[in-house]
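Protein chains in written order, with our numbering: chain A, 1034 to 1184; chain B, 206 to 758.
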């Protein structure tokens, strides 16, 4: 009985807090939650020639490990940022597409770069640091991909 | 002379006799016209000759064209018994035209036909010489024919006004020729009248020929059009070669009797121009036709395309596998990129000395569904690889088909694919240089050093060849990116360092450098120069990503 309880807890925890590798691989759109912290930072760059103001969201994946993820605002030809203001119901509805960077620690870094965070996917950052009255800002971003192809 | 005159009179009479009658071409047409043309086998002629002219029959039988190459014949004449055409009438008269080739005729523009006219009373032989003219027709000359004369030089002797060599017509041209010339607007290809444009009527290829029946439109003199008959192709090909070269009898035979193949050679010269090297290649292809190397026209088309691409590129390329699937999107994209690379002076400079005019080294390209590291399916899938084919000086470059598709893992933009193809070509270069250091030029950064083993090629590339790759990419940039994409990426501001924040505009030479280093991340020098998460590494990653985002074609 004790073991069954443990098993249930383990399964429940797994289902509640992270997706499997294959689940993430299947996603076309990925939402990544961001909170400012010691290892997760955002950098606002100076305005560019065309008025575009770029920003990086950097996740230091394994803290002291050098591996990291870098997302930048997607630059559209019209220079308009793709921004959404969403509430909790949106997050609930898209729960399966929300991937926490911390949950990726169990996977190989190059596998993530080459298979999970490929260029064919659409990425959004949910910037919790801009949360106002339970309204969250979501930015369309590009992933600075560092998959190393073999030639 | 008397017999010749009689012959000419009789042949013209035979033609004239039919004037005004409708030509029968189709077997379904009825009733049979008084004069008609048909392909006949040698047996029909020989049966008649054996009874009445046994010596001539024996001569014809013993000198088939198949003996030409083996030198079995005792005379200078070889007869193509597979392509005999007869003009017949309902008076039991017939003129048999047998294509004839002479050993001694090593360099002349002429085509020859042995004409055997048979009627109930007499049999006449005559050698007809066909002289191709600038107006895409033939002049016909008749001369006596002596089977005992081993080397009978024909040359131009007696001009024959009209002569039916292949297919019969109503010959209205002949009836008015003496006074007004052949001015008829449409002639069914059959009779040749000197200067008339008769038998080898010049028609555009688009006109359906309907077997031997075709229309003569006349007046066309474009180098891209020709009569899709053996004779028409011969005239067109010869125009490309003269005055430097006249075809040998064997070449003439193959041009005339393999029009499906020889026509492609005219198209090739029309489109690629009759440069000396293109003409040399054409002769090479004629030799292959003679040797029976081609079973289907596609093989010749592939050879021509390979040659065209090899000419434009600095080494011999074998693109057969790509041409086999030429309409596929990936093949088209590959060829576009390969064309662009071939236009780069640096690319040519690097490879020219090593591969050009050197038939020893060949590079074969293949686009395949999957490419594995070290060609081992148990290992990971890769973008591309280059291998040396053991025991040869041939190299095989395999490109992953997914590179040219919107594949999430392997899909690349055009300039990235150009870099991958360049990267693989450099592997081929290094294979050759390692085995043959004395061949070709040395890259400036690699003077007085030895070339690397297969395992060391990536390190060598990262250490020594990035400037070369940068230069090639700079030379082809505008061919593999769009103007809009270039404007877009040039709007970017780059931040080489974050702390302190520094900024630069987009620098193309930096982009070429980073693009060239892509795929070399595991080399010693890359890891030393671009430690992971260093500012240098981040700069590298951003240049690549910005290029990928903005420079998509």
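Each residue gets a CB set at the ideal place from its N, CA and C atoms; glycine is no exception.
Taken in chain order, the members of the segment 678 to 706 of chain B whose beta-carbon sits within less than 8 Å of a beta-carbon on chain A are 693, 696, 697, 698, 700, 703 and 706.
Judged by DSSP in its simplified three-state form, residue 1162/A adopts strand. The C-beta distance from residue 1169/A to residue 1157/A rounds to 11 Å, too long to meet the 8 Å contact threshold.
Contact between the segment 476 to 485 of chain B and the segment 433 to 449 of chain B is established, with three or more Cβ pairs separated by less than 8 Å. Per DSSP, the continuous alpha helix (DSSP H) segment holding residue 719/B begins and ends at 713 to 722.
With a threshold of 16 other beta carbon atoms within 10 Å, residue 1079/A falls short and is exposed.
Restricting attention to beta strand (DSSP E) runs no shorter than 3 residues, the segment 1069 to 1128 of chain A encloses them at 1073 to 1077, 1088 to 1092, 1102 to 1106 and 1116 to 1119, ordered along the chain.
Its chain contains 290, 318, 320 and 370 as the residues whose beta carbon lies nearer than 6 Å to that of residue 302/B, once the 5 sequence neighbours on both sides are disregarded; these appear in chain order. Closest by C-alpha distance to residue 669/B, out of 343/B, 721/B and 586/B, is 721/B. According to DSSP, residue 1067/A shares a beta bridge with 1160/A. CA-CA distance, residue 1082/A to residue 731/B, rounds to 31 Å. Look at residue 266/B here: in three-state DSSP terms it is helix. Inter-residue distance for residue 266/B and residue 352/B is about 12 Å (C-alpha atoms, whole angstroms).
By the criterion of a C-beta distance shorter than 7 Å, residue 606/B is surrounded in its chain by 535, 572, 573 and 574, once the five residues flanking it on both sides are discounted. For residue 587/B, the three-state secondary structure derived from DSSP is coil.
Of all alpha-carbon atoms in 1151/A, 1143/A, 1161/A and 1110/A, the one lying nearest the alpha-carbon of residue 1117/A is that of 1161/A. Residue environment: residue 459/B is assigned as buried (16 or more neighbouring CB atoms within 10 Å of its CB, all protein chains considered).
Using beta-carbon distances, residue 573/B does not count as an interface residue toward chain A, since no partner is under 8 Å. Residue 337/B sits in a strand when the DSSP states are folded into three classes. Of the candidates 240/B, 489/B, 306/B and 544/B, 306/B places its Cα closest to the Cα of residue 272/B. Cβ-Cβ separation between residue 623/B and residue 681/B: approximately 6 Å, consistent with a contact (criterion under 8 Å). By the beta-carbon neighbour count (other beta carbons within 10 angstroms, threshold 16), residue 1112/A is exposed. Chain-order list of chain B residues neighbouring residue 1083/A: 696, by C-beta distance under 8 Å.
The way I'd put it, the segment 578 to 596 of chain B does touch the segment 604 to 621 of chain B; three or more beta-carbon pairs between them come closer than 8 Å. The DSSP-derived three-state label of residue 569/B is strand.
Within the segment 476 to 537 of chain B, the runs of beta strand (DSSP E) at least 3 residues long that lie entirely inside it are, in chain order, 521 to 523.
Pairing residue 1176/A with residue 688/B, the inter-Cα distance amounts to about 24 Å.
Annotation for residue 730/B: the continuous alpha helix (DSSP H) segment containing it runs 729 to 734. Only exposed fits residue 501/B, as fewer than 16 other CB atoms lie within 10 angstroms of its CB. Residue 1055/A carries a helical assignment under DSSP once its states are collapsed to helix, strand and coil. Residue 712/B counts as exposed, since fewer than 16 other beta carbons sit within 10 angstroms of its beta carbon.
Among the residues facing chain A, residue 467/B is not included, as its CB has no counterpart in that chain under 8 Å away.
Residue 632/B: not part of any beta strand (DSSP E); member of the alpha helix (DSSP H) spanning 619 to 640, first to last residue.
Following the DSSP letters along the chain, one finds residue 605/B inside the beta strand (DSSP E) bounded by residues 599 to 605.
Under DSSP, the beta-bridge partners assigned to residue 316/B are 335/B.
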